[in-house]
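Q: Numbering (our numbering), first residue to last: -1 to 395.
We put the CB at the ideal spot given by N, CA and C, even for glycine.
What follows is a single structure, and I will ask about it in a moment.
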Amino acid sequence: MKTLSLRLFSRTILPFVFLLLVGVGQTQAAAQSNVPNPVARAFLELLEERGLNLTFVGPVSVTDDVLNIEGIEGHPDGDPKKRFSIKDLALAQASLESDGRLFIGAFAASTFQMVEPDFKFTAEKIAITDLYLPTQADLHNPATDLPMSLYSTAEVIGLLFEDQSSGQTMPVERITLEFDSNNGDYPLSASVDIANIILSKSMFDPAQQAWLDQLGLTEVQGNIVFEGEWDGTTGELKISTGEVVLEKILAVQLAIQLNGLTDTVVDQVVELAAKGNTVALDLLQSTAVSSFSLSLINEGGIENILERQAHTQGKTRPTYINNLTAKMDRHLSRIPDKAKKLEFSEAFDSFLQNPQSITLSITPMAPVSVTQILGVSAISPLSLISLLGIGLEANVN
């Protein structure tokens, strides 16, 4: 059985993809009998199945193997205050299967817009490849034989989020998603790249704005990158790259490898979460941590943070750092392993004196279950250092 949770992720990673591909609830489709092209009619009916009320459908034409729809408009059923529109749609290499499912080799939409009373979202262009639109019945049946992902790639260009009550806006240059399965089977690789998120200075509180002024920044530019691979049969999850960068300030990097996250376990966790239930620990008994690393990298703002903290306390930066180091040494004195105590102390001091990067790593001799980690942390937290093979390094490329 292909995992339900993965399909949920691949369909709902972006709100506008969610609206177009999943919809807002099951409803009785209003047949688009006035649209003669069977593929176009099936596409529109699938949208209506997902709870979208289409109030306008533009002219439909076919050039070579590309189906063009000159605009659609509508709103979720029962909620006309939430409106969406697309200026133009192009569906290339589209085919309608006998069971009602629709496959689109290349989907493109221009000038996409979602409007609510106090929120507005626009995108200049949406492009999706290998888009698979199952029927609503398929989506709600976990046993349905659906592809590992409902699309291969999705790219959204020129995004703009607007809070219409405050006037705040957040532009994003591009969001790119990629899924790659092994001929429709595990392992599944995925990547997410969110480029050039712009946070204006007015979005921050006065103290943060003053700090940005000291850095010479009128806005904060961010980027997010994620790459991972999951095998639902063996339960191995590898996140090789997880990075959030705030340019000219700092970056955070994450890498992790888990065992025991089979598709069965993930489906059970997702189903519990969907019902609002607490995830039972017994579901995580087979889930274990093989490795983990978390890095903080200076992109130009950490020195200023230290300077500001020192100034706030009426101290020079060297004095403030010495006080921090002494305070940390008092906490580290509880660690029984003298070598580890020295390792942590030297890394912490090295980073404060010359802040380039600092990395916390976990490399146990053998994978350690999540339940064991929780149990040991409750009884003897310091024992986790040896159990997990915790290390700390500073300023290492």
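Within 10 angstroms of its Cβ, does Q255 collect 16 or more other Cβ (buried), or is it exposed?
A: buried
Q: Just to check, is the beta-carbon of L390 closer than 7 Å to a non-hydrogen atom of the ligand FMN?
A: The ligand FMN is not among the ligands present in this structure, which contains no ligands whatsoever.
Q: My output table needs one value for K123: the three-state DSSP class, helix, strand or coil.
A: strand
Q: Just the Cα atoms here: how many angstroms apart are L330 and K338?
A: If I take the Cα positions, the gap works out to 9 Å.
Q: Output the boundary residues of the alpha helix (DSSP H) element that contains Y318.
A: 315 to 330
Q: Report the residue from L235, M112, L44, D265 whose alpha carbon sits nearest the alpha carbon of Q162.
A: M112
Q: To the nearest angstrom, report how far apart V20 and G72 are at their CA atoms.
A: Interpretation of V20 is limited by its pLDDT of 49, a score under 50 that renders its predicted location unreliable; no figure is taken from the coordinates.
Q: Name the DSSP bridge partner or partners of E114?
A: Bridge partners of E114: F117.
Q: Which of the three DSSP states is assigned to I300 in this structure?
A: Looking at I300 - three-state DSSP - the assignment turns out to be helix.
Q: Between which two residues does the alpha helix (DSSP H) harbouring Q283 extend?
A: Per DSSP, Q283 belongs to no alpha helix (DSSP H) and is neither H nor E.
Q: How big is the Cα-Cα spacing for L350 and P78?
A: 55 Å
Q: Counting beta carbon pairs with one atom in the region 353 to 363 and one in the region 283 to 299, are three or more of them shorter than 8 Å?
A: yes
Q: What residues in its chain sit with their C-beta under 6 Å from that of E225, if we drop five residues either side in the sequence?
A: S189, S238, T239
Q: Are I263 and T285 closer than 8 Å when you measure CB to CB?
A: Just to set this straight, residue 263 is Val in the shown sequence, not Ile. Yes, these two residues count as a Cβ contact at 8 Å.
Q: Count the other CB atoms, across all protein chains shown, that sit within 10 Å of the CB of R332; report buried if there are 16 or more and exposed otherwise.
A: exposed
Q: Between which two residues does the alpha helix (DSSP H) containing F346 stretch?
A: 336 to 351
Q: Using beta-carbon positions only, say whether V287 and V374 come within less than 8 Å of one another.
A: Judged by their CB atoms, V287 and V374 are not nearer to each other than the 8 Å cut-off.
Q: Taking its Cβ as the centre, do 16 or more other Cβ atoms sit within 10 Å of E95, making it buried, or is it exposed?
A: exposed
Q: Counting C-beta neighbours from all protein chains within 10 Å, is the total for L372 16 or more, i.e. buried, or is it exposed?
A: exposed
Q: Considering D211, what are the terminal residues of the alpha helix (DSSP H) in which it resides?
A: 204 to 213
Q: Can you say whether T310 is buried or exposed, counting buried as having 16 or more other CB atoms within 10 angstroms of its CB?
A: exposed
Q: Give me the DSSP bridge partner(s) of P362.
A: P362 pairs with nothing; no bridge assigned.
Q: Please return the same chain residues whose Cβ sits closer than 7 Å to the Cβ of G156, not counting the five positions on each side in sequence.
A: A121, E122, K123
Q: In this structure, does DSSP put G49 in helix, strand or coil?
A: coil
Q: So, at 6 Å on beta carbons, what are the nonlocal neighbours of E176 in its own chain, with the 5 sequence-adjacent residues on each side left out?
A: Excluding five sequence positions before and after E176, the CB atoms of its chain that fall closer than 6 Å to its own CB belong to T151, S189, given in chain order.
Q: So, with DSSP's three-state summary, where would you put S291?
A: strand
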